[in-house]
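Colleague:
Rendered as structure tokens:
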């Protein structure tokens, strides 16, 4: 059983991770983050590395570069502008860092993503290697993804964070539901929400961040591994995935490669949401329904 001290440290570090993801554009100092966690600056750096697996500098740098990859893939913004947003003063320094993370230069990455969009309706045998892993019968030529637009209000949620492969997030839900049940938070009509922070084609599998979320009462401020954050409101493109969770990637691909280029809409730098409409414990996998919410910039 985890000690009270361990739970307290976990809760304090979780506040720091939420602070970083919400203020990624800001020059957050080590001292400011240490205050957020109520640790001394002297000890905070060592604790962060021990608990997160990266230094604060490495963690923030990686998140900014992964966000830069997202913007290269989904916008027409100049590479220099994206580099500045990522904290790099020159194109050259940004290119070196980006190549170190993803193995290609930013311009090459953008061309590759464009090529993927052009080939996504081709037969599997002619798809490039990086695209074949996403192809299945779900990519049939005559299948059109159905998308609706919805506006959501900001939502305060309690969450448990899972770091690692998305398909292994079950522990986070077990932990959250074990806490939420006695609190009376579960019941008919309660939204169960997965927040997918990272792109598995960009972020290393062992660093993927997924939050299992439930709406939180206004007076709940977190407890141990149960954190609190706000899910952004705004407009979302929504499509319903029907079938096993293991096939969710195929529906994401259809949405990003089929609907998005034709929509002329731009994606907002917020995580995608998954809202699970039935209970996997009592629903056959082929009957599961999951609404995928992709955040859009204001039209």
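In this note's numbering, the protein residues as written are 1 to 299.
Idealized CB from N, CA, C, for every residue including glycine.
1) Can you look up residue 10 in the DSSP assignment and give me helix, strand or coil?
2) With a cut-off of 8 Å on the beta carbons, I'd call residue 193 and residue 213 a contact; round off their distance for me.
3) For residue 110, does the count of other Cβ atoms within 10 angstroms reach 16, so buried, or fall short, so exposed?
4) Label residue 42 either buried or exposed according to how many other C-beta atoms from any shown protein chain fall within 10 Å of its C-beta, with 16 as the threshold for buried.
5) Quick one: residues in its chain with C-beta nearer than 6 Å to the C-beta of residue 286, no 5 flanking neighbours on either side, listed in chain order?
6) Return helix, strand or coil for residue 298, following the three-state DSSP convention.
7) Could you tell me the distance, in whole angstroms, from the CA atom of residue 290 to the CA atom of residue 62?
8) Helix or strand or just coil, what does DSSP make of residue 289?
9) Any idea what DSSP makes of residue 166, helix, strand or coil?
10) In terms of residue numbering, what span does the alpha helix (DSSP H) encompassing residue 58 cover?
11) Please say whether residue 116 and residue 198 have beta carbons closer to each other than 8 Å?
12) Of the residues 54, 155, 33, which one's Cα is nearest the Cα of residue 44?
13) Residue 270: buried (16+ other C-beta within 10 angstroms of its C-beta) or exposed?
14) Using 8 Å as the threshold, is the C-beta distance between residue 211 and residue 179 below it?
15) Which residues in the same chain have their Cβ closer than 6 Å to the Cβ of residue 156, if we skip the five residues on either side of it in sequence?
16) Using 10 angstroms around the beta-carbon of residue 50, count the other beta-carbons present and answer buried if the total reaches 16, otherwise exposed.
17) Please report the straight-line C-alpha distance between residue 134 and residue 233, rounded to a whole angstrom.
18) Is the segment 239-259 touching the segment 176-190, taking contact as three or more C-beta pairs under 8 Å?
19) For the putative contact between residue 30 and residue 60, defined by C-beta atoms under 8 Å, what is the C-beta separation to the nearest angstrom?
20) Does residue 195 come out as helix, strand or coil in the three-state DSSP assignment?
21) Under a Cβ-count criterion, where at least 16 other Cβ atoms within 10 Å of its own Cβ denotes burial, should residue 274 be classed as buried or exposed?
22) Between the Cα of residue 150 and the Cα atoms of 239, 176, 39, 204, which residue gives the shortest distance?
23) In its own chain, which residues sit with a C-beta less than 6 Å from the C-beta of residue 297, not counting the 5 before and 5 after it?
24) For residue 221, which three-state DSSP category applies?
Modeller: Reading off the structure:
1) As a first step, residue 10 must be located in the chain shown, where it is residue number 10. DSSP places residue 10 in helix when its eight states are reduced to three.
2) By one-based count along the chain shown, residue 193 stands at place 193. By one-based count along the chain shown, residue 213 stands at place 213. That pair is a contact at about 4 Å.
3) As a position in the chain shown, residue 110 is number 110, starting the count at 1. With 16 or more Cβ atoms within 10 Å of its Cβ, residue 110 is classed as buried.
4) Start at 1 with the first residue of the chain shown, and residue 42 comes out as number 42. Around the C-beta of residue 42, fewer than 16 other C-beta atoms lie within 10 Å, and the residue is accordingly described as exposed.
5) Reading the chain shown from its first residue, position 286 is the one you call residue 286. Cβ neighbours of residue 286 beyond the five flanking positions: 243.
6) Taking the first residue of the chain shown as position 1, residue 298 is located at position 298. The DSSP-derived three-state label of residue 298 is coil.
7) Numbered from its first residue, the chain shown carries residue 290 at position 290. Numbered from its first residue, the chain shown carries residue 62 at position 62. In a straight line, the C-alpha of residue 290 is about 29 Å away from that of residue 62.
8) Here residue 289 corresponds to residue number 289 of the chain shown, with the count starting at 1. Residue 289: strand per DSSP, three-state reduction.
9) Position 166 of the chain shown holds residue 166. It is helical.
10) As a first step, residue 58 is located in the chain shown; it is residue number 58 there, counting from the start. Judged by DSSP secondary structure, residue 58 falls within the alpha helix (DSSP H) whose first and last residues are 56-74.
11) Locating residue 198 in the chain shown gives position 198, counting from the first residue. Locating residue 116 in the chain shown gives position 116, counting from the first residue. No, the Cβ-Cβ distance between residue 198 and residue 116 is not below 8 Å.
12) Here residue 44 refers to the residue found at position 44 of the chain shown. Out of 54, 155, 33, 33 has the C-alpha closest to the C-alpha of residue 44.
13) What you label residue 270 is simply residue 270 of the chain shown in a count that begins at 1. Buried, by the Cβ-count rule.
14) The residue you call residue 211 lines up with position 211 of the chain shown. The residue you call residue 179 lines up with position 179 of the chain shown. Cβ distance not < 8 Å, so residue 211 and residue 179 don't count as in contact.
15) The residue labelled residue 156 in the question sits at position 156 within the chain shown. In chain order, 216, 230 place their CB closer than 6 Å to the CB of residue 156, counting only its own chain and leaving out the 5 sequence neighbours on each side.
16) As a working mapping, residue 50 is identified with position 50 in the chain shown. Exposed is the call here.
17) In the chain shown, counting from the first residue as 1, residue 134 sits at position 134. In the chain shown, counting from the first residue as 1, residue 233 sits at position 233. Low per-residue confidence applies at residue 134: pLDDT is 39, beneath 50, and the placement is therefore not dependable enough to give any value.
18) Of all C-beta pairs linking the segment 239-259 to the segment 176-190, fewer than three are shorter than 8 Å, placing the two stretches out of contact.
19) By one-based count along the chain shown, residue 30 stands at place 30. By one-based count along the chain shown, residue 60 stands at place 60. Rounded to whole angstroms, the Cβ separation of residue 30 and residue 60 is 11 Å, and the two are not in contact under 8 Å.
20) Counting from 1 along the chain shown, the entry for residue 195 is found at position 195. It is a strand residue.
21) Working through the chain shown from its first residue, we reach residue 274 at position 274. With 16 or more other Cβ atoms within 10 Å, it is buried.
22) Locating residue 150 in the chain shown gives position 150, counting from the first residue. Closest in C-alpha terms to residue 150, from the list 239, 176, 39, 204, comes 239.
23) Indexing the chain shown from 1 puts residue 297 at position 297. Cβ within range, chain order: 266, 268.
24) What you label residue 221 is simply residue 221 of the chain shown in a count that begins at 1. Residue state, collapsed to three classes: coil.
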